[in-house]
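A.B. asks: This is the structure I want to talk about, given as structure tokens.
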């Protein structure tokens, strides 16, 4: 079974083309159906009383005044919910030593971060619930607060969870080769301390859930803005003591997720528990302010790192000491150790070198829990690696592009295993770099930079090569004991009118999953995309699957859809051959009709075939298989992950009087394997770059020393906006994975992975003649001026 | 979050608005463009307010010439200021300021009177009013008052407006033939409140420099003004840095803002001198 992907004129050639998104009209006409659009009879609303303290003992809770508010139905404390909802512990067996205390849906005895739910108020309207929540009197006793990650393990620092013994959640040291020997004998060693700021995902649609419990059926239905409906089905079943088969999670339109909506949140589980207790639908939609204190945070790292090179710039060794603070709990069920673990796995990723040491130290603190957010760990690892590579290049007087050419794995070297023990099936660093240099006209840009400098204008060029982990196998979560599927399935059926319905386990978050699936199914079966309807996000309807995360939708879910579609095509052709007294191999399906593949002449429409199969089956030979529904599943098995690669470049201008950075242009050449929809891939890259640029220049959650989050609004937490974004030029190299017929790897995170490093290197390229360097993100005007020594006091 | 509002009434005219305000037992809150107030309500930073909606008061809207001054109705929207030919001819500072104020959707709703009465220390229009020597025309049931800009701004979000009074109009002296007016600011992103901002006006009587986002209220930098009158730009920058004590927040430290104020003054001077910017 092959598809001539290289021939754009092949029949049904939808894979590889920009096909209009089937769900776009619905969304732009305001006809989407998000959780908050769903209203059920007897629906109640819940609002949460949240801890104003970063760490406090919870005394008596007086809900008297709250209960008197008109419309209030009930108030729940942590103890109330603990009777119906068991706590969870977010550890994974393969992350050795990871520890975390039991976490409840609503805090019991102690609140451990500002924003942790302490009580829940249920009312007939959200306004009444909020009003009453503000009247719940909680007797708090403030406890010592741990905020600084670097001193979290000091003997004098209080231990947040005494039962755990210390504030260390996880530590991993990876060592390969002779690191000390390589550094001792190196021609040049560069080192720096890097800092990446605490971010959050800021989805357009906040976290939302509506849960109904029907005691007559013994069934729970959750309408949930989630990336992983089947995972949530398991979670609700397990912790609310319901058979898994009696939990149905429905995920309609989702307004962006970026990893934020793939985790288990205590307020969402509490909503489900309350619905079960009250026997009526309960809705929770986070508002923007509580999103900042309760959506997961990420990227809060401090890293000391050094790089050893020889006189020709060849990398000899890399040594990384990474620290991150994850809040008071590891987040269920994926855990909060993954990000640090990724830093260890990904540093030095593009480069062929032998000696590598990396350690991550993951500590508890009294801040919002952190967990996986778009491009988990990648922006950090890429910033460390590319920052050091540029420093070494500058030290040796080697051009940054040339420096990378000398160190990347050659395109003909694969398969290879990196010193971090990552296995690469096939990457294209050299081809990507060549393409980037051509796209950006590197020499002309250097000339422009020099001319600007002569005018006193400080411009910089930054390059960042990267790898990106996509299409994860069970090695990511399953082997650690989490019931998170790495496999995904697709059911494709043909209905009597010749149209096709495909049900997939991967989900639509607004990124175009359904468009991607529709064009794969259209090509796989042989119909036009408008004849394909896609159904996702319903655990009672779709095949079991993992959902959308780690850039797996196209590579895993897309392959399952292709295999199922080809199987349906075979089934249709078997029936057609019987009807036409031909053989399946002498027929094809094109644009919804059975044709003679030699001449393209139509022999039979699918509509007519459907009529016969469904209504006049008596006219077909007895015993002829007529299964116009086919299901296939796909899981990767040759490699733990399908790595992709790419390289980005930033051109920018630094105002050395104000410290303001103006982004002039941005380039990205990436290799996500087979491209299914060029426009969707480009927009994934661009959107990812924007989030990366946000990390480089704007985004930073601030806490004070008492653990109060002090910039929790859209006015104070700055996300990148259109006016500051540069033109972005996106190019592609295609190295399909051989693990699947489709050959697709992930594209959703590459932009975010490389953009911060490219900007950092460009700023430092601009500042280098002035003797300044920045390595602490975001690169605010003030940090740049301080690096330049221009601020007194 | 859901706003907890005590009530809402839509005024027919200014007199009606004042009467409505008088009936609210001190809980009255004037709703004009709503671009700051509604956000504050929705964050429950204020609750129980009785909103008196004056947005239909046509007598408080528009720009007219009044002898040597321009009279700007308090309900004139930012976008209208930005495109008004009288403003462009006689108070170009205000027109330029609108290019720094927020985003188009906000400029289409927000009003100059609302911005001045709200007295956000980081807002452009209060500092413009100060630099131009505007006069605030205030109406109350007890009568009308005229308050010079220099006496109007008291503290963060605090003005000389008394309980029950409404800012109805602002008058601004028309620019002299040789007068130059510029505004300079630096914000983290386009449309954000400035990290620091500065208005510079040069007229026959001398220079006027006002600052925003460098303290609890917009202020005139009198030391810098005197130095500029004496032709001493470096002295003006030094004086400016000495006469402000900017706050620190998550966007920038006071020290950065002080440095920035000096840069902005140098750039503003370069502009009015026909320099590079």
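Protein chains in written order, with the numbering used here: chain A, 52 to 844; chain B, 25 to 301.
Quick reminder that beta carbons are idealized off the backbone N, C-alpha and C, glycines included.
On a predicted model such as this, the values are computed, not experimentally measured, just so you know.
If I follow the unbroken beta strand (DSSP E) through residue 367 (chain A), where does it start and stop?
C.D. replies: On the first chain, residue 367 (chain A) is found 316 positions in, with the first residue counted as 1. Run containing residue 367 (chain A): 366–376, per the beta strand (DSSP E) assignment.
A.B. asks: Counting only C-beta atoms, is residue 301 (chain B) closer than 9 Å to chain A at any point?
C.D. replies: Residue mapping note: residue 301 (chain B) aligns to position 277 of the second chain, counting from 1. The pLDDT assigned to residue 301 (chain B) is 37, lower than 50, so where the model puts this residue is not dependable, and the model offers no usable value.
A.B. asks: Alpha carbon to alpha carbon, how far is residue 706 (chain A) from residue 810 (chain A)?
C.D. replies: Counting from 1 along the first chain, the entry for residue 706 (chain A) is found at position 655. Counting from 1 along the first chain, the entry for residue 810 (chain A) is found at position 759. Distance between the alpha carbons of residue 706 (chain A) and residue 810 (chain A) is about 15 Å.
A.B. asks: If you reduce the DSSP assignment to three classes, tell me which class residue 276 (chain A) lands in.
C.D. replies: As a position in the first chain, residue 276 (chain A) is number 225, starting the count at 1. Correct three-state label for residue 276 (chain A): coil.
A.B. asks: Helix, strand or coil for residue 542 (chain A)? Go by DSSP, reduced to three states.
C.D. replies: Counting from 1 along the first chain, the entry for residue 542 (chain A) is found at position 491. Of the three classes helix, strand and coil, the one that applies to residue 542 (chain A) here is strand, per DSSP.
A.B. asks: Check the C-beta distance from residue 604 (chain A) over to residue 551 (chain A) and give it rounded, since I have them as a contact under 8 Å.
C.D. replies: Walking along the first chain from the start, residue 604 (chain A) turns up at place 553. Walking along the first chain from the start, residue 551 (chain A) turns up at place 500. Rounded, the Cβ-Cβ distance is 19 Å, inconsistent with contact.
A.B. asks: Using a beta-carbon distance below 9 Å, is residue 596 (chain A) in contact with chain B?
C.D. replies: Here residue 596 (chain A) is taken as the residue at index 545 of the first chain, counted from 1. Not an interface residue.
A.B. asks: Taking only the alpha-carbon atoms, compute the straight-line gap between residue 76 (chain A) and residue 211 (chain A) and give it to the nearest angstrom.
C.D. replies: Counting from 1 along the first chain, the entry for residue 76 (chain A) is found at position 25. Counting from 1 along the first chain, the entry for residue 211 (chain A) is found at position 160. If you take the alpha carbons of residue 76 (chain A) and residue 211 (chain A), they lie about 50 Å apart.
A.B. asks: Roughly how many angstroms separate the alpha carbons of residue 838 (chain A) and residue 67 (chain A), rounded to a whole number?
C.D. replies: Stepping through the first chain from its first residue, residue 838 (chain A) is reached at position 787. Stepping through the first chain from its first residue, residue 67 (chain A) is reached at position 16. About 47 Å.
A.B. asks: Measure from the alpha carbon of residue 142 (chain A) to the alpha carbon of each residue in A:135, A:134, A:151, A:136, then state which is nearest.
C.D. replies: By one-based count along the first chain, residue 142 (chain A) stands at place 91. The shortest C-alpha separation from residue 142 (chain A) is found at A:151.
A.B. asks: To which residues does DSSP link residue 928 (chain A) through a beta bridge?
C.D. replies: Outside the displayed span of chain A (52 to 844) sits residue 928 (chain A), for which this structure offers no information.
A.B. asks: Quick check on this structure: which residue in A:272, A:100, A:216, A:63 has the alpha carbon closest to the alpha carbon of residue 303 (chain A)?
C.D. replies: For this step, residue 303 (chain A) is matched to residue 252 along the first chain. Measuring from the Cα of residue 303 (chain A), the nearest candidate turns out to be A:272.
A.B. asks: What are the residues that DSSP puts in a beta bridge with residue 356 (chain A)?
C.D. replies: The residue given as residue 356 (chain A) occupies position 305 in the first chain. Per DSSP, A:243, A:371.
A.B. asks: Using the beta-carbon of each residue, which ones in chain A are nearer than 7 Å to residue 287 (chain B)?
C.D. replies: Stepping through the second chain from its first residue, residue 287 (chain B) is reached at position 263. Neighbours of residue 287 (chain B) on chain A, chain order: 708, 709.
A.B. asks: Give, in chain order, every unbroken run of the beta strand (DSSP E) that is at least 3 residues long and sits entirely within the region 143–227 of chain A.
C.D. replies: Counting only runs of 3 or more, we get 168–174, 188–193, 219–227.
A.B. asks: Closer than 7 Å by C-beta to residue 318 (chain A): which residues in its own chain qualify, once you throw out the five before and the five after it? Chain order, please.
C.D. replies: For the purposes of this step, residue 318 (chain A) is taken as residue 267 along the first chain, with counting starting at 1. Once the five neighbours on either side are set aside, the close Cβ partners of residue 318 (chain A) are 99, 168, 335, 345.
A.B. asks: Check the Cβ of residue 26 (chain B) against every Cβ in chain A and list those closer than 7 Å, keeping chain order.
C.D. replies: For the purposes of this step, residue 26 (chain B) is taken as residue 2 along the second chain, with counting starting at 1. By Cβ distance, chain A contributes 177, 178, 181.
A.B. asks: Starting from the Cα of residue 231 (chain A), find the closest Cα among A:357, A:677, A:165, A:813 and give me that residue.
C.D. replies: Numbered from 1 along the first chain, position 180 holds the residue referred to as residue 231 (chain A). Nearest option by C-alpha distance: A:357.
A.B. asks: Please list the partners that residue 775 (chain A) has in chain B, where partner means a Cβ-to-Cβ separation under 7 Å.
C.D. replies: Stepping through the first chain from its first residue, residue 775 (chain A) is reached at position 724. The answer, in chain order, is 213, 214.
A.B. asks: For residue 695 (chain A), tell me which candidate among A:287, A:400, A:226 has the shortest Cα-Cα distance.
C.D. replies: Here residue 695 (chain A) refers to the residue found at position 644 of the first chain. Ranking A:287, A:400, A:226 by Cα distance to residue 695 (chain A) puts A:400 first.
A.B. asks: Taking only beta-carbon positions, decide if residue 238 (chain B) is within less than 9 Å of chain A.
C.D. replies: Taking the second chain and counting its residues from 1, the one referred to as residue 238 (chain B) is at position 214. Not one chain A Cβ lies under 9 Å of residue 238 (chain B).
A.B. asks: How would you list, in chain order, the residues of chain B whose beta-carbon sits under 8 Å from the beta-carbon of residue 166 (chain A)?
C.D. replies: As a working note, residue 166 (chain A) is residue 115 in the first chain. Result: empty, since nearest Cβ-Cβ is about 14 Å, beyond 8 Å.
A.B. asks: Buried or exposed: where does residue 655 (chain A) fall if 16 or more other Cβ atoms within 10 Å of its Cβ makes it buried?
C.D. replies: Taking the first chain and counting its residues from 1, the one referred to as residue 655 (chain A) is at position 604. Residue 655 (chain A) comes out buried.
A.B. asks: In the DSSP assignment, what are the bridge partners of residue 265 (chain A)?
C.D. replies: Stepping through the first chain from its first residue, residue 265 (chain A) is reached at position 214. According to DSSP, which records beta bridges pairwise, residue 265 (chain A) is partnered with A:270.
A.B. asks: Between which two residues does the beta strand (DSSP E) harbouring residue 226 (chain B) extend?
C.D. replies: For the purposes of this step, residue 226 (chain B) is identified with residue 202 of the second chain, where counting begins at 1. 218–227 is the extent of the beta strand (DSSP E) around residue 226 (chain B).
A.B. asks: Grab the span of the alpha helix (DSSP H) containing residue 392 (chain A) for me, first residue to last.
C.D. replies: Your numbering for residue 392 (chain A) matches position 341 in the first chain. Residue 392 (chain A) -> alpha helix (DSSP H) spans 389–397.
A.B. asks: Counting only runs that start and end within the region 320–349 of chain A, where is the beta strand (DSSP E) found for 3 or more residues in a row?
C.D. replies: If we require 3 residues or more, the beta strand (DSSP E) runs fully inside the region 320–349 of chain A come out as 333–336.
A.B. asks: Which term fits residue 632 (chain A), buried or exposed, when burial requires 16 or more other beta carbons within 10 angstroms of its beta carbon?
C.D. replies: Working through the first chain from its first residue, we reach residue 632 (chain A) at position 581. So residue 632 (chain A) ends up on the exposed side.
A.B. asks: Buried or exposed: which applies to residue 299 (chain B), given that a residue is buried once 16 or more other Cβ atoms fall within 10 Å of its Cβ?
C.D. replies: Counting from 1 along the second chain, the entry for residue 299 (chain B) is found at position 275. In this predicted model, residue 299 (chain B) has a pLDDT of only 44, less than 50, meaning its place in the structure is not dependable; the value taken from the coordinates is given anyway. The residue is exposed, with fewer than 16 neighbouring Cβ atoms inside 10 Å.
A.B. asks: Just checking: is the beta-carbon of residue 282 (chain B) within a distance shorter than 9 Å of some beta-carbon in chain A?
C.D. replies: For this step, residue 282 (chain B) is matched to residue 258 along the second chain. Answer yes: the Cβ-Cβ gap between residue 282 (chain B) and chain A drops below 9 Å somewhere.
A.B. asks: Against chain B, does residue 831 (chain A) count as a neighbour if the rule is that its beta carbon must be under 9 Å from one of theirs?
C.D. replies: Numbered from its first residue, the first chain carries residue 831 (chain A) at position 780. Judged by the 9 Å Cβ criterion, residue 831 (chain A) is in contact with chain B.
A.B. asks: Would you check if the distance between the CB atom of residue 117 (chain A) and the CB atom of residue 178 (chain A) is smaller than 9 Å?
C.D. replies: Start at 1 with the first residue of the first chain, and residue 117 (chain A) comes out as number 66. Start at 1 with the first residue of the first chain, and residue 178 (chain A) comes out as number 127. It is not a contact, given that the beta carbons lie outside the stated cut-off.
A.B. asks: Mind pulling the chain B residues with CB within less than 7 Å of residue 762 (chain A)?
C.D. replies: Along the first chain, read from residue 1 onward, the residue named residue 762 (chain A) stands at position 711. 274, listed in chain order.
A.B. asks: Does the beta carbon of residue 842 (chain A) come closer than 9 Å to any beta carbon on chain B?
C.D. replies: The residue labelled residue 842 (chain A) in the question sits at position 791 within the first chain. So, interface residue.
A.B. asks: Residues of chain B with CB closer than 7 Å to the CB of residue 767 (chain A), please, in chain order.
C.D. replies: Counting from one through the first chain, the residue named residue 767 (chain A) turns up at place 716. Here the neighbours are 274.
A.B. asks: How many Å lie between residue 780 (chain A) and residue 798 (chain A) at the Cα?
C.D. replies: Looking up residue 780 (chain A) in the first chain gives position 729. Looking up residue 798 (chain A) in the first chain gives position 747. Approximately 16 Å, taken between the alpha carbons.
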